[in-house]
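Remarks on the structure that follows.
There are 2 protein chains.
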Amino acid sequence: MPREITVALVQMAPALANPEENLRKMGEFIERIGSEQPTDLIVFPELSYTGTELGLRATDLAERIPGHATNYLAKRAADFNTHVVFGLVIKEKIESILYNGVVCLGPEGDVVASYRKVHLLGEERQVYRGGFRFINVDADWGRFGMLIGSDLVFPEAARSLTLEGAELVVLSANWETNRQEQWRAHIISRAVENAIFVAAANRVGEEPTMQFGGDSTMVGPMGELYTLL
Amino acid sequence: MPREITVALVQMAPALANPEENLRKMGEFIERIGSEQPTDLIVFPELSYTGTELGLRATDLAERIPGHATNYLAKRAADFNTHVVFGLVIKEKIESILYNGVVCLGPEGDVVASYRKVHLLGEERQVYRGGFRFINVDADWGRFGMLIGSDLVFPEAARSLTLEGAELVVLSANWETNRQEQWRAHIISRAVENAIFVAAANRVGEEPTMQFGGDSTMVGPMGELYTLL
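So the sequence lines, in the order shown, correspond to chains A and B. 1 is the number of the first residue of the first sequence in the working numbering; add one for each residue after it. 1001 is the number of the first residue of the second sequence in the working numbering; add one for each residue after it.
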């Protein structure tokens, strides 16, 4: 069944440890994108709600799902009838256990799914616990999976989502500039090896020790480039 | 243990269905490379002994292992104390069953291993049977695996070799020009996702319906480019 969908990638620079500012910005992006044209899916970068180098602040900035951030953005998603994927620090009942996660909000203003990053990078392991499940979302227009940052380096992640029926994988990333050639290579390879679409939103800007490379991109199942920001 | 090895990639245009000509050329390449400097491993492209678009001629050009081609080149490998990987059509006892294969010859002039391509491309299936095992070779200087052409598109292939201890994967390919961006992406991705070296020899030249893209390359475990022909 041929279908056409509209996906928006938001290449933003979240303010470090300033969630209210980031929430406002994300809300404005959703409004601006949704006002320009009907959009099926809007993808924000990894940890777009908090920024990256949080250190001990991660505990204070972590939120439950549903919670403040999901409530705020779910309303915007419903206003513009779109799915929204954004990044945040997730906590559960035990407040000291944190995850680097993304949430998918639905066009009905509901929390559709959340995913906890499986492949944590070295230093992240001091802060976050690794997830253990890959999550697909069923939209009206098809099934898509969610990955975060360094999940991209492990082909098993996108493969698992594809084997469970994903036709599109969205990636929310905080990818650093010094590995930018690998970024492009992995995205093309994941798309082609699974014959799927990959929509990858990477942040820009700087933090105390990190520089982020942008190059958010959408690639098709034959490696064809739809956009490169 | 830090080690330094010398790998040569031969980016040649095999003559179609002219194995004697190709054997002579390969012998000359080994001699020229080995005379210039001590070399640990020389990698030839896929089907370097026969060319690619063989059709029904594949049956006549297929060889057993050991056989004429391996005997000839094994002597050259021994002369220059190097491993040699080259491509040919392999047959076994039942003459009608053919494989798209590579053979690894050792510095002692022995046949060290052979590998039969697992991931055949669409049309190849009319001629070749698929292999079912990934093969690593133990050299004095380390363990390396062998892959062929479209095996590169399936991350499980290089992953399997890595999980069995490969530090280097050599790829013999007949990769077409119209998928050249994917070629580079897959090679970088395989190297980085497995933290291994990848040494890929692709042929050049044309055949009745195919054009080959060269770009033979060696990439390291951080995606670093050692050479691109």
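Ideal placement from N, C-alpha and C gives every residue a C-beta, glycine not left out.
Sequence-distant residues of the same chain with beta carbon closer than 6 Å to residue 158 of chain A, five excluded per side: Here residue 158 of chain A refers to the residue found at position 158 of the first sequence. Answer for residue 158 of chain A: 169, 190, 194, listed in chain order.
7 Å CB neighbourhood of residue 1015 of chain B in its chain, flanking five on each side removed: Here residue 1015 of chain B corresponds to residue number 15 of the second sequence, with the count starting at 1. Apart from sequence neighbours up to five positions away, the residues of its chain that approach residue 1015 of chain B with a beta-carbon distance below 7 Å are 1021, 1022, 1051, ordered along the chain.
Alpha-carbon spacing of residue 1121 of chain B relative to residue 108 of chain A, whole angstroms: For the purposes of this step, residue 1121 of chain B is identified with residue 121 of the second sequence, where counting begins at 1. For the purposes of this step, residue 108 of chain A is identified with residue 108 of the first sequence, where counting begins at 1. Their Cα atoms are separated by approximately 44 Å.
Whether residue 84 of chain A touches residue 77 of chain A by CB criterion (7 Å): Taking the first sequence and counting its residues from 1, one reaches residue 84 of chain A at position 84. Taking the first sequence and counting its residues from 1, one reaches residue 77 of chain A at position 77. Yes, the Cβ-Cβ distance between residue 84 of chain A and residue 77 of chain A is below 7 Å.
Beta-carbon proximity check, residue 1080 of chain B vs residue 1142 of chain B, cutoff 7 Å: Mapped onto the second sequence, residue 1080 of chain B falls at position 80. Mapped onto the second sequence, residue 1142 of chain B falls at position 142. In this structure, residue 1142 of chain B does not lie closer than 7 Å to residue 1080 of chain B by Cβ.
Opening and closing residue of the alpha helix (DSSP H) in which residue 1080 of chain B lies: Within the second sequence, numbered from 1, the residue matching residue 1080 of chain B stands at position 80. In this chain, residue 1080 of chain B is not harboured by any alpha helix (DSSP H), its DSSP state being neither H nor E.
N-terminal and C-terminal residue of the beta strand (DSSP E) that residue 194 of chain A is part of: In the first sequence, residue 194 of chain A corresponds to position 194, counting from 1. Element bounds for residue 194 of chain A: not the beta strand (DSSP E) but the alpha helix (DSSP H), 180-194.
Cross-chain neighbours of residue 154 of chain A in chain E, by beta carbon under 7 Å: In summary, chain E is missing from the structure at hand, where the protein chains are A and B.
Between the CA atoms of residue 41 of chain A and residue 1041 of chain B - distance to the nearest angstrom: Start at 1 with the first residue of the second sequence, and residue 1041 of chain B comes out as number 41. Start at 1 with the first residue of the first sequence, and residue 41 of chain A comes out as number 41. In this structure, the CA atom of residue 1041 of chain B is about 49 Å from the CA atom of residue 41 of chain A.
Residue 1226 of chain B burial status per 10 Å Cβ neighbour count (16 or more: buried): Position 226 of the second sequence, counted from the start, is the residue given in the question as residue 1226 of chain B. The residue is exposed, with fewer than 16 neighbouring Cβ atoms inside 10 Å.
Residue 1145 of chain B to residue 150 of chain A span [Cα, whole Å]: Here residue 1145 of chain B refers to the residue found at position 145 of the second sequence. Here residue 150 of chain A refers to the residue found at position 150 of the first sequence. Their Cα atoms are separated by approximately 26 Å.
Buried versus exposed, by CB contacts within 10 Å (16 or more), residue 1174 of chain B: Position 174 of the second sequence, counting from 1, holds the residue named residue 1174 of chain B. It counts as buried.
Span of the beta strand (DSSP E), counted from its first residue to its last, around residue 1206 of chain B: As a working note, residue 1206 of chain B is residue 206 in the second sequence. Segment 1204-1206, the beta strand (DSSP E) holding residue 1206 of chain B.
Cβ pair residue 99 of chain A, residue 116 of chain A closer than 7 Å: Here residue 99 of chain A corresponds to residue number 99 of the first sequence, with the count starting at 1. Here residue 116 of chain A corresponds to residue number 116 of the first sequence, with the count starting at 1. Yes. Within cutoff.
Collapsed DSSP secondary structure at residue 1018 of chain B in the structure displayed: Numbered from 1 along the second sequence, position 18 holds the residue referred to as residue 1018 of chain B. Looking at residue 1018 of chain B - three-state DSSP - the assignment turns out to be coil, as it is neither helix nor strand.
Three-state secondary structure (DSSP) of residue 1118 of chain B: The count along the second sequence starts at 1 and reaches residue 1118 of chain B at position 118. Of the three classes helix, strand and coil, the one that applies to residue 1118 of chain B here is coil, per DSSP.
Which listed residue (A:59, A:152, A:44) has its alpha carbon closest to that of residue 8 of chain A: Here residue 8 of chain A refers to the residue found at position 8 when the first sequence is read from its first residue. The residue with the shortest Cα to Cα distance from residue 8 of chain A is A:44.
Simplified DSSP state of residue 1128 of chain B, which is helix, strand or coil: Locating residue 1128 of chain B in the second sequence gives position 128, counting from the first residue. Of the three classes helix, strand and coil, the one that applies to residue 1128 of chain B here is coil, per DSSP.
Rounded straight-line distance, which links the Cα of residue 127 of chain A to that of residue 56 of chain A: Here residue 56 of chain A corresponds to residue number 56 of the first sequence, with the count starting at 1. Here residue 127 of chain A corresponds to residue number 127 of the first sequence, with the count starting at 1. Computed Cα separation, rounded: 8 Å.
CB contact below 7 Å: residue 188 of chain A versus chain B: Counting from one through the first sequence, the residue named residue 188 of chain A turns up at place 188. So, interface residue.
Under 7 Å between C-beta atoms of residue 164 of chain A and residue 136 of chain A: Here the question's residue 164 of chain A lines up with position 164 in the first sequence. Here the question's residue 136 of chain A lines up with position 136 in the first sequence. Contact flag set, yes.
Beta carbon proximity, residue 1011 of chain B to chain A, threshold 7 Å: If you number the second sequence from 1, residue 1011 of chain B lands on position 11. Output row for residue 1011 of chain B: interface = no.
Exposed unless 16 or more other CB atoms sit within 10 angstroms - verdict on residue 211 of chain A: Counting from one through the first sequence, the residue named residue 211 of chain A turns up at place 211. Exposed.
Chain-ordered chain B contacts of residue 230 of chain A [CB-CB under 8 Å]: Since the first and last residues shown for chain A are 1 and 229, residue 230 of chain A lies out of range.
Closest by C-alpha distance to residue 203 of chain A, when choosing among A:111, A:12, A:36: Reading the first sequence from its first residue, position 203 is the one you call residue 203 of chain A. For residue 203 of chain A, the nearest C-alpha among the options comes from A:12.
Simplified DSSP state of residue 1028 of chain B, which is helix, strand or coil: Here residue 1028 of chain B is taken as the residue at index 28 of the second sequence, counted from 1. Note: residue 1028 of chain B maps to helix in three-state DSSP.
C-alpha gap between residue 1237 of chain B and residue 1119 of chain B, whole angstroms: As displayed, chain B neither begins before 1001 nor continues past 1229, which places residue 1237 of chain B out of reach and without an answer.
Contacts of residue 139 of chain A in chain B (Cβ-Cβ under 8 Å): Here residue 139 of chain A refers to the residue found at position 139 when the first sequence is read from its first residue. Taking a Cβ-Cβ threshold of 8 Å, none of the residues of chain B is close to residue 139 of chain A; the smallest such distance is about 27 Å.
Alpha-carbon to alpha-carbon, residue 63 of chain A and residue 111 of chain A: As a position in the first sequence, residue 111 of chain A is number 111, starting the count at 1. As a position in the first sequence, residue 63 of chain A is number 63, starting the count at 1. Computed Cα separation, rounded: 14 Å.
Check whether residue 1160 of chain B and residue 1134 of chain B have beta carbons under 7 Å apart: Position 160 of the second sequence, counting from 1, holds the residue named residue 1160 of chain B. Position 134 of the second sequence, counting from 1, holds the residue named residue 1134 of chain B. With respect to the 7 Å criterion, residue 1160 of chain B and residue 1134 of chain B are classified as neighbours on the basis of their beta carbons.
Interface flag, residue 1185 of chain B vs chain A, CB-CB below 7 Å: Residue numbering aside, residue 1185 of chain B sits at position 185 when the second sequence is read from its first letter. Yes, residue 1185 of chain B counts as interfacial toward chain A.
Contact check, residue 1053 of chain B vs residue 1224 of chain B, beta carbons under 7 Å: Numbered from its first residue, the second sequence carries residue 1053 of chain B at position 53. Numbered from its first residue, the second sequence carries residue 1224 of chain B at position 224. For residue 1053 of chain B and residue 1224 of chain B, no; Cβs fall outside 7 Å.
The beta strand (DSSP E) enclosing residue 105 of chain A, as first and last residue numbers: The sequence position of residue 105 of chain A within the first sequence is 105, counting from 1. 98-105 is the extent of the beta strand (DSSP E) around residue 105 of chain A.
Beta-carbon proximity check, residue 147 of chain A vs residue 87 of chain A, cutoff 7 Å: The residue given as residue 147 of chain A occupies position 147 in the first sequence. The residue given as residue 87 of chain A occupies position 87 in the first sequence. The answer is no: Cβ separation not under 7 Å.
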